[in-house]
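Participant: Can you read through this structure? Questions will come right after.
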Amino acid sequence: MLAAALATALTGSLLTATPARAATPTADQQWAQVQQLVGAIKGRWTTPAYANSITRTMPDTALLGNGDIGVTSGGGVGYKTFYISKGDFWIGTQSPSLIALGSVTITPATGAENSANLAIGATATASSSHPSFPPSRAVNGNWGAGYEGWVSNVGKPQTLNLDLGSAKTFKRYILKHDAAARPNESANTSKDWTLSVSTDGQNYTTVDTVTGNNLPTTDRTFAPVTARYLRLHLAEPTQATTPDSINNPRARIGQFELYDTEGPTQPTDPFLEEQNILKGDVETSMTIGGQPVSMKTWTGADDNIVVTQIRSLGSHTVRLQARTSTGSVDARGGLTSTSGVSGDSVWATRTTLAAPRWTTRASLATRVIGGQVIGSPTANGPAGQIVFDLPAGETVNIVTGVAGGGQNPADPAPAALALAGAQTGATVDALYDAHLDWWKQYWLKSYVDLDDDVLEKFYYGQLYLLGSSLREGKTASGLYGIWATSDFPQWGGDMHLNYNWQANYYGVYSSNRADLALPYYDLVADFLPEARRRAKEDLVRVKPDYITPRFPSGGVPGGVLFPVGISPFGATSDNNYHQQVVNGLFTVTQHIAYWDYTRDREFLAMTAYPVMKEVAEFFEHYLEWDKAAKQYNLYSGPHEGIWAKNSSPDIGMLKLLLTKTIEASELLKADKEKRPVWKQILKHLPPAPTIVHNGKTVFALADPGTVSDGRDIRPGDNTINLEFIHPGEQMGITSPEADRQIAIDTIDAMNSWGQENSFPKIFLQAARVGYPAQTLIDRLKTQINNRMAGNLRITDGNHGLEKAGTIEAVNNMLVQSFDGTVKVFPVWPVGKNGSFVKLREKGGLVISSEISAGRVTYVDITSEAGGDVKLVNPWGQKVRIIRVGTKQVSYDSGNTIEFSTKEGSTYNITPV
C-alpha cells in the first residue's frame, strides 16, 4: 500500500512550490529491483536423490505452501512424488502432534514402454513383518533419507516375495539396505542372500547369489530373464556386528528396484529441479516413461489446491499414472486410510482413531485436466489411480484438492472433490495468476539490497519459508513449519515456548510483514484458559520444594502459567516446565513486538493488553520482596533443569512487559489502579547480572553464585545470558557505550556462533549492541555456508523454522531503533553499499534508505501513527526534511534530528 500511496504523493508533490526530493524507488522500480534480487535466488537440484524428504524434522527438498497446505518434493529415478501436509492436521493424543497427510505420485503406467522401476506397485509378501513396516513399503517408490521399508520380525532367514502382476523381462536389481537411508545403521545391512525367479509362483530358479555384502546399496545385473514372481531369500539379514544385530536379527530392505536396463544407479537422462521463490513454485525437468517432460507445481494462494502441470518435451505419447494416497512411509499405527472414485476424480482420506482430545481427518482428491484419460479411475486401500496419455508437445494439469483437518471434522472428501472438480484449464490459469500476484505483493512489502549474494540468499530464502507456512486465519505453524512427511516429528512439531516458537517471528515485524504473526496470537488465545488453570493449580510442579512453602495451594491466585510445549486447539504437547516460569514472558514478547512496530491500537486493546496483564499478574504474586536489598527477586531456571536467583532473561523480559503494560494502560485509560503496583515492581527489579570472566566484565545467567550447577556463564552454549537484550529489549544501539562493550565482551566470551540454539539469538543480539560489522557478517556467512540446505533452510539435527529469526539480525544491521531513536546503517561495514525499502521500525515507522560509497543518500520515513520522530543524523550536518506532497518541515538539530509527524505522512530527509 505504501508503494501506491507514495507514487500518488510524488505526483502531487510536483504541483507544489517546493518539490519533494524523495529517493524511495517508484512502484515500478521497486518491482524491477525485487525481480532482480529475488528472482536470482533458487533452490536447485541436479539429481533425483531427494535426500531428507522423509524426515522427522524439516525437509531439505523443495517446499511449497500457502499457510495451510504444505508440499514437499520427493520421488526417485523416473517418477515424481509430492508429499502433501496440512497445518491443522494434528493427532489428538495425550501429546498432540502434526502428522503427514498423503502424496501424489506420477509414474509411468504399469506396462508402459521404457518403464523405469518395474517393481513399483508389485504385490509384496514376506515370511514375517513388523506391523508398522509391511513388505509393500519395499516397492512403493517412496524411499528417501531416514526411510525404513520392509522390516521383518526377529529371526532368520527371512524372505521377501514379489508378484509383478504379469511376466516382465529384467536383468538388473537394486537393493537399498537400511544404511542407505540411515547411515548410522550399518549393522542392519543385509549380508547373504539369493534372488530367485518363477513364471508360475511354484518353481523357482536362482539368478543371483550374494555373500559377504557390506554395501548400503547393492546394484546387481545378470542375464535377462522373463518372470512374474521373484523371491529374495535373506540367509544373513544383518552384519552381526553389534549385540542387537546378533541377538535380534531382522531383515530390513528399504527398497527393492527392478530394471530391464543396465546401470548406472543414477539416471543418465538430465534432471533439474528448482524451487523458484520469486514465483512460489517448483519447476522440474526429468525423463519419465522414456520421454522428457517439464513440470511446474504450485499451491493456490487462497484455495487449497495443488497443481502439477506436466508438459511433454518428447516425440512420442507417454502413458502415465497419477496415484493419490494418504499415509506416510514413517507412519503411526492405528490410523485408517480409505479411498474411492467419484466421476473422473479419485479421493483418499486419512482418519485418526478416537483419541483423548479429538479425532481428525483430511482428504485429497485428484483429477487430470487435459491429455487422454485411459479407462476409468480406480481405487483400492489408501490410494486412487488415474491412468492417462500425455501426447508429444501437450500439457496436462494434475489438480488435487485438499480439505479437512482441525477438531472432529465431518467427512472432508466431498469438499476436496468439489475443489478439484471445479477446476478447468481456464480456472487453473486464473489460480496461477492469483498465486503469482500474491507472491508479488508479498515481496513488495519490503526488500533489501545487501551487496552480498550469500546474505541475500539466506535473507530471501527465510522470508520464502515464512510466507509459505504462515497466513492470517490459518493454524500457526510450529517448530518445522507446515511440512510433515512423517507421523513422528520431533517434539510433535509443537510450539516450544522457551524461545523456539517465538524465534520464527523475530524478523517478521521489521520486515514489514507483521501479519504473518497473527496466527500466533490466535493459538496463544486458545491456550489461555488452560494457562490460567495452571497458574492456580500446577505451579507446584515447577519446583515443589520451592513452591510448596510459598504457595501451599500449589499455585497463585491469578495470572497465567505456560508449560514448555503447547499445540493448536488449546492443547498441551510437552507437559513440562523444566524449573522455568519464563514461558509466559517469552510468549508475550511477540504481542508487545506487534504493538511496538505497528502501533495498532485495536490490536493492543483487544489482543495484546489482556495477555500482558495476565502475565504481569502472575509475577505480581510470584516475585519475592527482599526488604534488606529493597528489590524484588525472581527464582527460575535460565537454562532448562537448573535453578537460579534473578535469571537474566526472566528479569529482562519482565522489565519489558511491565514497561509496555504501563504504557498500554495509560493509552487505553484502563486499570489505573494497577499502575502503581506495576511501577513499584519495575522500579525495584535488579539490573542484569554480571561477573568477571577472564579479566573482563560480562553478563551472567543469573546472580553470581546462585546458579544450581555452579556455572554463572556457559561459554560455547547459546546466549541465554543476553536474552535481556533480545527479546527483552533492555539494551540497543543507542545505549551507553560502556554497557554495549560489556555485551560485546560477553559475545566474545561465549563464542557461540556455531551453537545450534544460538543461530536466531547471537547474531541479532550482536547487531543490537553494535558488534564490529564486518566480523559479524563474516561469522554469519560462515554459518550460512556450512548449514544451508538446498531448499535454503538452515539445518541442524533438531531445529527448523526458528532459523528464520536471524532475518532480524540482518534488518538490524540496516536500521534500528532503541528508546525512541532511529539509526540507519548502524552496523554496516565502512565502504560497503546497501539499501533497504520499507523496513519497519518501532513506533509504526516504515523506513527506506541507501548507503553508497560510504555515504547515506537519503532517509524516507512514513509515520503510520503520527507523533515525534528522532533520527540519529547520518550526515553530521544540516538536513532538509520535506513532508512528501506538501512542504518543508522544521526540526530540532544536533546529533539527533527531531521532528513532529502527521499520521500517514511520508518524510524525505536529505543533507543540505
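Numbered per mature numbering (1 follows the signal peptide of the UniProt record, and there is no 0), the sequence shown spans residues -22 to -1, 1 to 890.
All residues carry an ideal CB built from backbone N, CA and C; glycine is no exception.
Quick one: Cα of residue 118 to Cα of residue 125, how far?
Facilitator: Approximately 12 Å between the Cα atoms of the pair.
Participant: Per DSSP, which residues does residue 859 bridge with? Please list them.
Facilitator: In the DSSP output, where bridge partners are listed per residue, residue 859 has 867, 887.
Participant: When we look at the beta-carbon of residue 603 and count the other beta-carbons within 10 Å, is it buried (16 or more) or exposed?
Facilitator: Label assigned to residue 603: exposed.
Participant: Measuring alpha carbon to alpha carbon, tell me which of 775, 786, 769, 778 ends up nearest residue 758.
Facilitator: When each option's Cα is compared against that of residue 758, the closest is 786.
Participant: What are the complete beta strand (DSSP E) segments, minimum 3 residues, inside the region 210 to 256?
Facilitator: Whole beta strand (DSSP E) segments, 3+ residues: 230 to 237, 250 to 254.
Participant: Using C-beta distances below 7 Å, list every residue in its chain close to residue 72, excluding the 5 sequence neighbours before and after it, in chain order.
Facilitator: So the list reads 334, once near-sequence residues are dropped.
Participant: Taking just the CA atoms, how far does residue 839 sit from residue 886?
Facilitator: Their Cα atoms are separated by approximately 7 Å.
Participant: Check whether the region 228 to 236 touches the region 94 to 106, taking contact to mean three or more Cβ pairs, one atom from each stretch, closer than 8 Å.
Facilitator: With a cut-off of 8 Å, the region 94 to 106 and the region 228 to 236 count as touching, because enough Cβ pairs lie within range.
Participant: Which same chain residues end up closer than 8 Å to residue 226 when comparing Cβ atoms and leaving out the 5 residues on each side of it in sequence?
Facilitator: Excluding positions up to five away in sequence, the list reads 132.
Participant: Using the Cα positions of residue 245 and residue 56, report the straight-line distance between them to the nearest angstrom.
Facilitator: Because residue 245 sits at a pLDDT of 44, beneath the cut-off of 50, its placement in the model cannot be relied upon, and the point is left open.
Participant: Applying the criterion that 16 or more other CB atoms from any shown protein chain within 10 Å of the CB defines a buried residue, is residue 389 buried or exposed?
Facilitator: Label assigned to residue 389: exposed.
Participant: Per the DSSP calculation, residue 270 is bridged to which residue(s)?
Facilitator: Looking at the DSSP assignment, residue 270 forms a beta bridge with 265.
Participant: Whole angstroms are fine: how far does the CA of residue 844 sit from the CA of residue 818?
Facilitator: The straight-line gap from Cα to Cα measures roughly 14 Å.
Participant: Hey, which unbroken runs of the alpha helix (DSSP H) at 4 residues or more fall wholly within the region 493 to 581?
Facilitator: Entirely contained in the region 493 to 581, the alpha helix (DSSP H) runs reaching 4 residues are, in chain order, 496 to 515, 522 to 528, 561 to 576.
Participant: Are residue 319 and residue 357 touching if we call contact CB-CB under 8 Å?
Facilitator: Contact flag set, yes.
Participant: With DSSP collapsed to three states, give me the class of residue 417.
Facilitator: Here residue 417 sits in helix by DSSP.
Participant: Who pairs with residue 86 in a beta bridge, going by DSSP?
Facilitator: 298.
Participant: Under 8 Å, do residue 780 and residue 478 count as touching if we go by C-beta distance?
Facilitator: Yes, the pair counts as a contact, with Cβ atoms nearer than the cut-off.
Participant: So the alpha helix (DSSP H) residue 757 belongs to, where does it begin and stop?
Facilitator: Segment 751 to 765, the alpha helix (DSSP H) holding residue 757.
Participant: Touching or not, the region 738 to 752 and the region 709 to 724, by the rule of three or more beta carbon pairs under 8 Å?
Facilitator: Counting Cβ pairs under 8 Å, three or more are found: they touch.
Participant: Rounded to the nearest angstrom, how far is the Cβ of residue 542 from that of residue 475, given a contact under 8 Å?
Facilitator: The pair is a contact, with the Cβ atoms about 6 Å apart (cut-off 8 Å).
Participant: Find out if the Cβ-Cβ distance for the pair residue 454, residue 498 is shorter than 8 Å.
Facilitator: Contact: yes.
Participant: Does residue 670 pass the burial test, meaning 16 or more other C-beta atoms within 10 Å, or should it be called exposed?
Facilitator: So residue 670 ends up on the exposed side.
Participant: Shortest alpha-carbon distance to residue 882 belongs to which of 870, 863, 871, 465?
Facilitator: Nearest of 870, 863, 871, 465 to residue 882, Cα basis: 863.
Participant: Leaving out five residues on either side along the sequence, give the residues of the same chain with a beta carbon under 7 Å from the beta carbon of residue 24.
Facilitator: If we look at residue 24 and ignore the five residues flanking it on each side, its Cβ neighbours are 249, 250.
Participant: Identify, in the order they occur along the chain, each residue of the same chain with its Cβ nearer than 6 Å to the Cβ of residue 89, setting aside the five sequence neighbours on each side.
Facilitator: At residue 89, the pLDDT of 39 sits below 50, so the modelled position is not reliable and the matter cannot be decided from this model.
Participant: Could you give the DSSP three-state label for residue 849: helix, strand or coil?
Facilitator: In this structure, residue 849 counts as strand in the three-state DSSP scheme.
Participant: Residue 180: buried (16+ other C-beta within 10 angstroms of its C-beta) or exposed?
Facilitator: By the 10 Å Cβ count, residue 180 comes out exposed.
Participant: Identify which residue in 689, 99, 664, 473 has its Cα closest to the Cα of residue 299.
Facilitator: Cα-wise, what sits closest to residue 299 is 99.
Participant: Measuring CB to CB, does residue 44 end up less than 8 Å from residue 277?
Facilitator: Yes.
Participant: For residue 465 versus residue 328, is the C-beta distance shorter than 8 Å?
Facilitator: For residue 465 and residue 328, no; Cβs fall outside 8 Å.
Participant: When the Cβ atoms of the region 864 to 871 are set against those of the region 827 to 836, are three or more pairs found closer than 8 Å?
Facilitator: Taking 8 Å as the limit for Cβ pairs, the verdict is that the region 827 to 836 does not touch the region 864 to 871.
Participant: For residue 617, count neighbouring Cβ atoms within 10 angstroms of its own Cβ and tell me buried if that reaches 16, exposed if not.
Facilitator: Its Cβ being crowded by 16 or more others within 10 Å, residue 617 is buried.
Participant: Within the continuous beta strand (DSSP E) that includes residue 840, where are the two ends?
Facilitator: Unbroken beta strand (DSSP E) run through residue 840: 833 to 841.
Participant: Could you tell me which residues DSSP puts in a beta bridge with residue 799?
Facilitator: Note: residue 799 sits in a beta bridge opposite 796, 848.
Participant: Please go through the same chain and pick out, in chain order, the residues whose beta-carbon is closer than 8 Å to the beta-carbon of residue -2, but skip the five residues on each side of it.
Facilitator: Caution is warranted here: a pLDDT of 39 is assigned to residue -2, below 50, making its placement in the model unreliable, and no coordinate value can be reported.
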